[in-house]
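K.L.:
Okay, so the sequence shown: first residue is 1 according to full-length UniProt numbering, each after it adds one.
Glycine included, each C-beta is placed from N, C-alpha and C at the ideal position.
Provided herewith is a single structure, encoded as structure tokens, for subsequent inquiry.
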Amino acid sequence: MQRKYSIITGFMGKVQDRFIDYQPVRPMEEMVEMASRVKGCSGLEVVYPQNFTNAKKLKELLDAYHLGVSTVNLNVKGDVMWRYGSFSNPDPEIRKEAVNAMKRAMDCAGELNCGVVTCALLNDGVDYPFETDYLDAFQYTLDGIREAAEYRRDIKISLEYKQSEPRIHCLLNNAGKMAYFTQMTGKDNVGVTLDFGHALQALEVPADSASFLGQTNRLFYIHINDNFRNWDWDMVPGTVNFWDYIEFALALKKVNYNGWITADVFPQRHDPVKIMEKTFEWMDYIFDIADRIDEKKLKEMQTELKTFEILDYIRSLI
């Protein structure tokens, strides 16, 4: 499979948690320059409107550093107006603005020649029982995404799911619901961003999620990171769930995923350039192992239920 690695621009700048600011604020040009020094990085996931509003100027900047754009990330969670949701917000004016923001992001994606807008509707959900009408929330979101998808059929909308954060219960929170939701839109240009760490947090098997979404032709985009399944820690991929990552890489190969693979890794206590390089080094190692797997041999052992023979075989490739 083709490997195209990118970085979320914001992770080259200020990152913070509830307690500490870990990296300084950096202007866009400095973040782009830093990304250009990351070995293996071919592009950036750029966040709209926080990173940029003028796509033409951004493209000139990226071209100067020979970087492409993996996707435009529409941020409808970081501003106070989205605190009660975006596409599912009870206020029709805010829902309208969410749709318009998606349309603007789609236009930017067209100007940047990337063809994909990714969006995580993480403020769409609830914290307490009876806080929302789930039927309304689902329908509002469906209507809004459908309207945006009709606006430009040449641009894909890739929705990222997550179990929780900042909402305790996010509305779109697992691979199965996402596949159903995207098919409910009736639009071929609506699909799913699969974040490895979010799949872990939802207690999914990432290879299963990738296979399922790939089989439904709704797997549009990939975020890589790792965690201990207790929180979305955004660690370097493979450092915790190494076996899962090999299986995940094989699954991507089997569903012929050829899109971008983007580092969603939090460099709080490490140099951002070095940690992104380590991310791509680990992914290359993982993909190389997956490429050496004899799929015919593996299939035969699976058919014969030779579990530990399978594990011993994979272990021999490491």
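1) What residue from Phe248, Gln201 and Thr262 has the CA that sits closest to Asp232's CA?
2) Where does Asp226 sit, in a helix, a strand or coil, going by DSSP?
3) Please look up how many angstroms separate the CB atoms of residue 385 and Thr182, rounded, as I've assumed it's under 8 Å.
4) Less than 6 Å between C-beta atoms, sequence neighbours within five positions excluded: which residues of the same chain meet that for Met106?
5) Are the beta-carbon atoms belonging to Val265 and Asn217 less than 8 Å from one another?
6) Suppose the cutoff is 6 Å on Cβ atoms and the five residues either side in sequence are ignored; what does the same chain contact list for Ile168 look like?
7) For Cys108, report the span of its alpha helix (DSSP H) as first-last.
8) At a cut of 8 Å, does the stretch 265–277 reach the stretch 302–311 through at least three beta carbon pairs?
9) Quick one: is Ile157 buried, meaning 16 or more other Cβ sit within 10 Å of its Cβ, or exposed?
10) Nearest by alpha-carbon distance to Gly115: which of Ile246, Val72, Arg229 and Lys254 is it?
11) Exposed or buried, Asn54, counting other C-beta atoms within 10 Å across all chains shown (16 or more means buried)?
12) Assign Ile261 to buried or exposed, taking buried as 16 or more other Cβ atoms, counted over all protein chains shown, within 10 Å of its Cβ.
13) What residue from Thr239, Pro272 and Leu74 has the CA that sits closest to Pro24's CA?
14) Would Ile293 pass as a contact of Leu317 if the rule is Cβ separation under 8 Å?
15) Which residue spans inside the stretch 109–174 form an unbroken alpha helix (DSSP H) run of at least 4?
16) Given a cut-off of 8 Å, decide if Asn227 and Gly186 are closer than it, judged by their beta-carbon atoms.
17) What residue ranges within the stretch 188–214 form continuous beta strand (DSSP E) runs of no fewer than 3 residues, ordered along the chain?
18) Note the first and the last residue of the continuous alpha helix (DSSP H) segment covering Ser88.
19) So is Phe220 buried or exposed if we call it buried at 16+ other beta carbons inside 10 Å?
20) With H, G and I counted as helix, E and B as strand and the rest as coil, what does DSSP make of Gly238?
21) Could you tell me whether the stretch 37–53 touches the stretch 9–20, where touching means 3 or more Cβ pairs closer than 8 Å?
22) Taking the alpha-carbon positions, what's the Glu160 to Gln302 distance?
23) Leaving out five residues before and five after Phe212 in sequence, what residues of the same chain have Cβ atoms less than 8 Å from its Cβ?
24) Could you give the distance in angstroms between the alpha-carbon of Ala210 and the alpha-carbon of Met102?
25) Could you tell me which residues DSSP pairs with Glu45 in its beta bridges?
26) Can you list, in chain order, the residues of its chain with a C-beta nearer than 6 Å to that of Lys4? Leave out the 5 residues immediately preceding and following it.
27) State buried or exposed for Ala64, treating a residue as buried only when at least 16 other CB atoms are found within 10 Å of its CB.
28) If I measure Cβ to Cβ from Val255 and keep anything under 7 Å in the same chain, skipping five residues before and after, which residues do I get?
29) If you reduce the DSSP assignment to three classes, tell me which class Ile310 lands in.
30) With Leu122 and Pro166 assumed to form a contact (beta carbons below 8 Å), what rounded beta-carbon distance in angstroms separates them?
31) Counting C-beta neighbours from all protein chains within 10 Å, is the total for Ile145 16 or more, i.e. buried, or is it exposed?
32) Of the residues Leu311, Ala263 and Ala290, which one's Cα is nearest the Cα of Ala35?
33) So, helix, strand or coil for Ile261, using DSSP?
34) What residue from Ser6, Ala251, His223 and Met235 has the CA that sits closest to Leu194's CA?
P.N.:
So, from the listed chains and residues:
1) Here residue 232 refers to the residue found at position 232 of the sequence shown. Asp232 has its Cα closest to that of Gln201, out of Phe248, Gln201 and Thr262.
2) Counting from 1 along the sequence shown, the entry for residue 226 is found at position 226. DSSP places Asp226 in strand when its eight states are reduced to three.
3) With the chain represented from 1 up to 318, any question about residue 385 goes unanswered, as that position is not in the structure.
4) Looking up residue 106 in the sequence shown gives position 106. So the list reads Val117, Arg152 and Ile155, once near-sequence residues are dropped.
5) Your numbering for residue 265 matches position 265 in the sequence shown. Your numbering for residue 217 matches position 217 in the sequence shown. Against a cut-off of 8 Å, the Cβ pair of Asn217 and Val265 comes out as no contact.
6) For this step, residue 168 is matched to residue 168 along the sequence shown. Answer for Ile168: Asp127, listed in chain order.
7) By 1-based counting over the sequence shown, the position of residue 108 is 108. Per DSSP, Cys108 belongs to the alpha helix (DSSP H) from Pro92 to Glu111.
8) no
9) Locating residue 157 in the sequence shown gives position 157, counting from the first residue. Label assigned to Ile157: buried.
10) Translated into positions along the sequence shown, residue 115 becomes position 115. Measuring from the Cα of Gly115, the nearest candidate turns out to be Val72.
11) Numbered from 1 along the sequence shown, position 54 holds the residue referred to as residue 54. So Asn54 counts as exposed.
12) As a first step, residue 261 is located in the sequence shown; it is residue number 261 there, counting from the start. Burial call: buried.
13) Along the sequence shown, read from residue 1 onward, the residue named residue 24 stands at position 24. Checking every option, the nearest Cα to that of Pro24 belongs to Pro272.
14) On the sequence shown, residue 293 is found 293 positions in, with the first residue counted as 1. On the sequence shown, residue 317 is found 317 positions in, with the first residue counted as 1. Taking 8 Å as the Cβ cut-off, Ile293 and Leu317 qualify as a contacting pair.
15) 134–151
16) Looking up residue 186 in the sequence shown gives position 186. Looking up residue 227 in the sequence shown gives position 227. Not a contact, by the Cβ cut-off of 8 Å.
17) 190–195
18) Within the sequence shown, the letter at position 88 stands for residue 88. Premise fails: Ser88 is in no alpha helix (DSSP H) and is neither H nor E.
19) As a working mapping, residue 220 is identified with position 220 in the sequence shown. Answer is buried; the Cβ neighbour count reaches 16.
20) Here the question's residue 238 lines up with position 238 in the sequence shown. Of the three classes helix, strand and coil, the one that applies to Gly238 here is coil, per DSSP.
21) yes
22) Residue 160 sits at position 160 when you count from the first residue of the sequence shown. Residue 302 sits at position 302 when you count from the first residue of the sequence shown. Spanning the two alpha carbons is a distance of roughly 31 Å.
23) What you label residue 212 is simply residue 212 of the sequence shown in a count that begins at 1. Excluding residues within five positions, the ones whose Cβ falls inside 8 Å are Ala175, Gly176 and Ala179.
24) To locate residue 210, count along the sequence shown from 1; it is residue 210. To locate residue 102, count along the sequence shown from 1; it is residue 102. The alpha-carbon atoms of Ala210 and Met102 are separated by roughly 25 Å.
25) Here residue 45 refers to the residue found at position 45 of the sequence shown. Answer is Ile8 and Thr71.
26) Numbered from 1 along the sequence shown, position 4 holds the residue referred to as residue 4. The answer, listed in chain order, is Ser42 and Trp260.
27) For the purposes of this step, residue 64 is identified with residue 64 of the sequence shown, where counting begins at 1. Exposed is the call here.
28) Translated into positions along the sequence shown, residue 255 becomes position 255. Excluding positions up to five away in sequence, the list reads Ala210, Ser211, Gly214, Gln215 and Leu219.
29) Translated into the one-based positions of the sequence shown, residue 310 becomes position 310. In this structure, Ile310 counts as helix in the three-state DSSP scheme.
30) Along the sequence shown, one-based indexing puts residue 122 at 122. Along the sequence shown, one-based indexing puts residue 166 at 166. Going by Cβ atoms, the distance from Leu122 to Pro166 rounds to 6 Å, so yes, they are a contact pair.
31) Here residue 145 refers to the residue found at position 145 of the sequence shown. It is buried - the Cβ of Ile145 has at least 16 other Cβ atoms within 10 Å.
32) By one-based count along the sequence shown, residue 35 stands at place 35. Taking only the C-alpha atoms, the option nearest Ala35 is Ala263.
33) Position 261 of the sequence shown holds residue 261. Looking at Ile261 - three-state DSSP - the assignment turns out to be strand.
34) What you label residue 194 is simply residue 194 of the sequence shown in a count that begins at 1. Cα-wise, what sits closest to Leu194 is His223.
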